[in-house]
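Take a look at the structure below.
Protein chains: 2
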Amino acid sequence: MKNVITYINSNNNRYISELKDFLRIPSISITLKHKKDMIKSADFVAKKLKEAGIQKVKVIKTKGNPLVYAEWLGAPGKPTVLIYGHYDVQPVDPLELWDTPPFDPTVKNGKIYARGATDDKGQIFMHIKSVEAFLKTAGKLPLNIKFVIEGEEEIGSRNLQNFVNKNSKLLKCDAILISDTALFGPGIPTITYGLRGIAYMEIEVTGPNRDLHSGTFGGAVANPINILAGMISKLMNKDGHITIPGFYDDVIKITKSEKENIKKLKFSEKNYAKTLGVKELKGEKTYSTLERTWIRPTLDCNGIIGGFTDKGAKTVIPSKVTAKISMRLVPNQDPIKIAKLFTKYIKQITPKSVTVKVNDLHGGYPIVVSLNDKATIAASKAIARAFGKKTVFMREGGSIPIVITFAKKLKASPVLMGLGLNTENLHSPNEHFNLNHFHLGILSSAFFFDEFSK
Amino acid sequence: MKNVITYINSNNNRYISELKDFLRIPSISITLKHKKDMIKSADFVAKKLKEAGIQKVKVIKTKGNPLVYAEWLGAPGKPTVLIYGHYDVQPVDPLELWDTPPFDPTVKNGKIYARGATDDKGQIFMHIKSVEAFLKTAGKLPLNIKFVIEGEEEIGSRNLQNFVNKNSKLLKCDAILISDTALFGPGIPTITYGLRGIAYMEIEVTGPNRDLHSGTFGGAVANPINILAGMISKLMNKDGHITIPGFYDDVIKITKSEKENIKKLKFSEKNYAKTLGVKELKGEKTYSTLERTWIRPTLDCNGIIGGFTDKGAKTVIPSKVTAKISMRLVPNQDPIKIAKLFTKYIKQITPKSVTVKVNDLHGGYPIVVSLNDKATIAASKAIARAFGKKTVFMREGGSIPIVITFAKKLKASPVLMGLGLNTENLHSPNEHFNLNHFHLGILSSAFFFDEFSK
Chain D
7 MKNVITYINS NNNRYISELK DFLRIPSISI TLKHKKDMIK SADFVAKKLK EAGIQKVKVI
67 KTKGNPLVYA EWLGAPGKPT VLIYGHYDVQ PVDPLELWDT PPFDPTVKNG KIYARGATDD
127 KGQIFMHIKS VEAFLKTAGK LPLNIKFVIE GEEEIGSRNL QNFVNKNSKL LKCDAILISD
187 TALFGPGIPT ITYGLRGIAY MEIEVTGPNR DLHSGTFGGA VANPINILAG MISKLMNKDG
247 HITIPGFYDD VIKITKSEKE NIKKLKFSEK NYAKTLGVKE LKGEKTYSTL ERTWIRPTLD
307 CNGIIGGFTD KGAKTVIPSK VTAKISMRLV PNQDPIKIAK LFTKYIKQIT PKSVTVKVND
367 LHGGYPIVVS LNDKATIAAS KAIARAFGKK TVFMREGGSI PIVITFAKKL KASPVLMGLG
427 LNTENLHSPN EHFNLNHFHL GILSSAFFFD EFSK
Chain X
7 MKNVITYINS NNNRYISELK DFLRIPSISI TLKHKKDMIK SADFVAKKLK EAGIQKVKVI
67 KTKGNPLVYA EWLGAPGKPT VLIYGHYDVQ PVDPLELWDT PPFDPTVKNG KIYARGATDD
127 KGQIFMHIKS VEAFLKTAGK LPLNIKFVIE GEEEIGSRNL QNFVNKNSKL LKCDAILISD
187 TALFGPGIPT ITYGLRGIAY MEIEVTGPNR DLHSGTFGGA VANPINILAG MISKLMNKDG
247 HITIPGFYDD VIKITKSEKE NIKKLKFSEK NYAKTLGVKE LKGEKTYSTL ERTWIRPTLD
307 CNGIIGGFTD KGAKTVIPSK VTAKISMRLV PNQDPIKIAK LFTKYIKQIT PKSVTVKVND
367 LHGGYPIVVS LNDKATIAAS KAIARAFGKK TVFMREGGSI PIVITFAKKL KASPVLMGLG
427 LNTENLHSPN EHFNLNHFHL GILSSAFFFD EFSK
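Respectively, the protein sequence lines represent chains D and X. Sequential numbering of the first sequence, starting at 7, is according to the numbering used here. Sequential numbering of the second sequence, starting at 7, is according to the numbering used here.
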């Protein structure tokens, strides 16, 4: 391990320079406009895997963006780790709020600023570079490695789902290592043992067949915006409890010991609120902020648009208004069932004066991993070695829908060893990644290979 | 009058051709992008007034778009009529819903399609052309005429307000003739004796200081869209009654006889709903549709935008959401007072978890004119002569804020002799004007000069 560590430490600057090249590719998956960049990004990943010393690297076409698959199976009898990550990134709007261009990676105060820096290009790069360190020093790894890097995580991973379902033999492994989550705080080695699921819906409310003059027609017809606002307000009660009938039916109650564990974590609500610029934190009554974001399901409007939205005052009753609404789910909620309950309830509360269309845009299952799992134990030891501190265990409010597919289909445990921070503006302007964590992440990855091979 | 009528009838095609030239100018006042078109439009009006035979025509600069003032005072001892109209038009979005380009006037089935056709270019043009008919035949008018044509009606007429306040001597008159309203139905001669006022507000709700990942932060903070939806839903109760404290305090109750008059009008709720493409008409309980749009105040969201609004699914809790909300007012509601009550109530119902900004974008007073007014009687006779039918009296739900300023400042009665139709898509795609009504409007204008001069 000594040579591996020395290699990682002495190649740090080159690693950062290569990461910059990766971040320069605007691989936004939500729009077809970046189709070429998706291919470019997949090719880049494949090239870096080859440069790391892996011979078997393939870029696999899908109906959407290509997958990158790679394997190094030179340790017969030893366990196999499947490393998953994604090269696609979130959109960049509102662009005007970025201090530096999102695809012109800029290092400031030990952080690298770019879209995808922490979510997830910076994090998959850590594993490619730890593999490189082994293969360029020892010429081999202490266990077997497979890589699956996709380009559709931000849009629901549909093609990877298909691929996993059809290729469980190819992907067979003992653990799935994923770095797409966050540390509990800067410098705190963390393993995430739970993720929320998601049901992402879109509602379109239509009133009159065209935009109407709000003077002439004001009072004659139901206004779709007012109606939709009323409907949204009926999705949660005053206590932040979601009012969709049956919504909580399958929610597993948190155990006493887990509640205690969460309580023990050093978390300042005051600082957290300050960072977010809000006067008070707010959510479901009787739960703490960590509980609300980790172990409780939630509902949020992600966007709304209708009527006249430019500067000034146009007097219309709009024909149509659209809202995007997503729910974060916890074990054992089923996104398909939740989408159905949501749709049923929305139709039920839609007044006769308008029509409604509900679309299920995408869904993902929640997951919780046992803390006694062999891979989780190895990961917690590995990251503790890298950071020189005791590992903290947390859950995460976000969703990585593919994790559950991997776990179910491959019958292997996922290990969520993320090196990001929730304050690193993933999905927001000025996304960045702490370069110290990037470096510690490469070491953690190397230590994990060592620990899990024992 | 015989020669005047013959002139109007025989010049009809040229009038339409000239109107097309007027409609080709994209004089959208809401944006500064069309600054040049506003000047072009004012110059066009001035040119047409001169061509009609009026010598004293002036284009008057303001802080905003220019005014056109003209006068023909060759009938000493006779009454003076001030004719008001506006050359500015509404924006054209959504452009994709127009069947023909909004600034490429197209005649189809006896209707002319273009932005501004009925609101208000087609309607001011009627009066310019009736004046032309008198001056080109008799060489004189039976009474004195003043024109004030502005370019800021669609954005609140602020500069005209100033001009009227400072120039009451110049504008002195016995009646103010305005054609910017609608007939009760096709072929029905109509005088409008009431207009609603308006208070147009904008609310901006801000939560966290940036867009947040809705997975990681969902449950931690109040979501501005959900909050705003809740606030909007608190502006009206289930019965469509506005819940802003004090909102109805100054509303004058409708008299029995007016209620009877409205009941007598031939109005099919069924056909009206069908035209608008809604399953049911909806508004304040216990009032009929005509009452709700004419004599009752209303509240409508005119636009809303926040968060992710493109196609697909971005998982954000937005930092900010904005809604435009306007209220239509009836006598004796005061838009300034209503704006204050609205602002106070909004601040009161804003939870501590977000911040709110309320902007008063513009306001206008409501008005009702006596049916015994001399000018109103003359107008009702004039339009009946042109149409060969008995005149119907109605109120209108829309607002022409400048009307009250004229009436108060000049101590003269407004006469609302509009030739449009509420189904002519003013403020919507495919705005048009019935060319038969355009022709009858020119005749009505000529007959009004005759009747009012008696």
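Don't be surprised by glycine CBs; every beta carbon is placed ideally from N, CA and C.
Residue 75 (chain X) is bridged by DSSP to X:64 and X:154. Within the region 213-227 of chain X, the residues whose Cβ lies closer than 9 Å to any Cβ of chain D are, in chain order, 213, 214, 215, 216, 217, 218, 219, 220, 221, 222, 223, 224, 225, 226 and 227.
Residue 165 (chain D) places its beta carbon less than 7 Å from that of residue 69 (chain D).
At a C-beta separation below 8 Å, residue 428 (chain X) has these neighbours in chain D: 219, 222 and 223. Note that the C-beta distance between residue 118 (chain X) and residue 441 (chain X) is below 7 Å. For residue 358 (chain X), at least one C-beta of chain D is nearer than 7 Å to its own C-beta. Taking one beta carbon from each stretch, the region 388-397 of chain D and the region 239-247 of chain D have fewer than 3 pairs nearer than 8 Å; the two do not touch.
Residues of chain X whose Cβ lies closer than 8 Å to the Cβ of residue 172 (chain D) do not exist, since the nearest Cβ in that chain is about 25 Å away.
The three-state reading of DSSP puts residue 310 (chain X) in strand, counting E and B together. Any Cβ of chain D closer than 7 Å to the Cβ of residue 348 (chain X) would place that residue at the interface, and such an atom is absent. Restricting attention to beta strand (DSSP E) runs no shorter than 3 residues, the region 303-388 of chain D encloses them at 304-313, 326-335 and 361-370, ordered along the chain.
Across the set D:456, D:439, D:286 and D:103, the C-alpha of D:439 shows the shortest separation from the C-alpha of residue 430 (chain D). Straight-line measurement puts the Cα of residue 52 (chain X) at about 7 Å from the Cα of residue 64 (chain X). At least one CB atom of chain D sits nearer than 7 Å to the CB of residue 229 (chain X).
Among the residues facing chain D, residue 322 (chain X) is included, as its CB has a counterpart in that chain under 7 Å away. Residue range 438-440 is occupied by the beta strand (DSSP E) that includes residue 439 (chain X). Of the residues assessed, residue 157 (chain D) falls on the buried side of the cut-off, its CB having 16 or more other CB atoms within 10 angstroms. In this model, residue 9 (chain D) and residue 143 (chain D) are separated by some 6 Å (Cα to Cα).
Rounded to whole angstroms, residue 27 (chain D) and residue 281 (chain X) show a C-alpha spacing of 58 Å. Under DSSP, residue 90 (chain D) forms a beta bridge with D:154 and D:184.
Of the candidates D:331, D:301 and D:320, the residue whose Cα lies closest to the Cα of residue 313 (chain X) is D:331. With respect to the C-alpha of residue 192 (chain D), the residue from D:203, D:122, D:458 and D:273 having the closest C-alpha is D:273. Contact check for residue 311 (chain X) against residue 315 (chain D) passes: the beta carbons are separated by less than 7 Å. Taking a Cβ-Cβ threshold of 7 Å, none of the residues of chain D is close to residue 43 (chain X); the smallest such distance is about 16 Å.
By the Cβ-count criterion, residue 229 (chain D) is buried, with 16 or more other Cβ atoms from all chains shown falling within 10 Å of its own Cβ. For the region 430-442 of chain D, the set of residues with a beta-carbon nearer than 9 Å to any beta-carbon of chain X comprises 431, 432, 433, 434, 435 and 436, in chain order. Counted as a single uninterrupted DSSP element, the stretch harbouring residue 203 (chain X) is not any alpha helix (DSSP H) but the beta strand (DSSP E) occupying residues 203-212. With its beta carbon at least 7 Å from every one in chain X, residue 185 (chain D) lies outside the interface. When 7 Å is used as the limit between beta carbons, residue 314 (chain D) is near these residues of chain X: 308, 309 and 330, in chain order.
Secondary structure of residue 103 (chain X) (DSSP, three-state): helix.
Judged by their CB atoms, residue 152 (chain D) and residue 55 (chain D) are not nearer to each other than the 7 Å cut-off. Along the region 93-117 of chain D, the positions whose C-beta sits under 9 Å from a C-beta of chain X are 96, 97, 99, 100 and 103, read in chain order.
The Cβ-Cβ distance between residue 239 (chain D) and residue 235 (chain X) falls below 7 Å. Within chain D, 220, 221, 224 and 225 have C-beta atoms less than 8 Å from the C-beta of residue 334 (chain X), given in sequence order.
In this chain, the beta strand (DSSP E) harbouring residue 420 (chain D) covers 419-422.
The Cβ atoms of residue 296 (chain X) and residue 268 (chain X) sit closer than 7 Å to each other.
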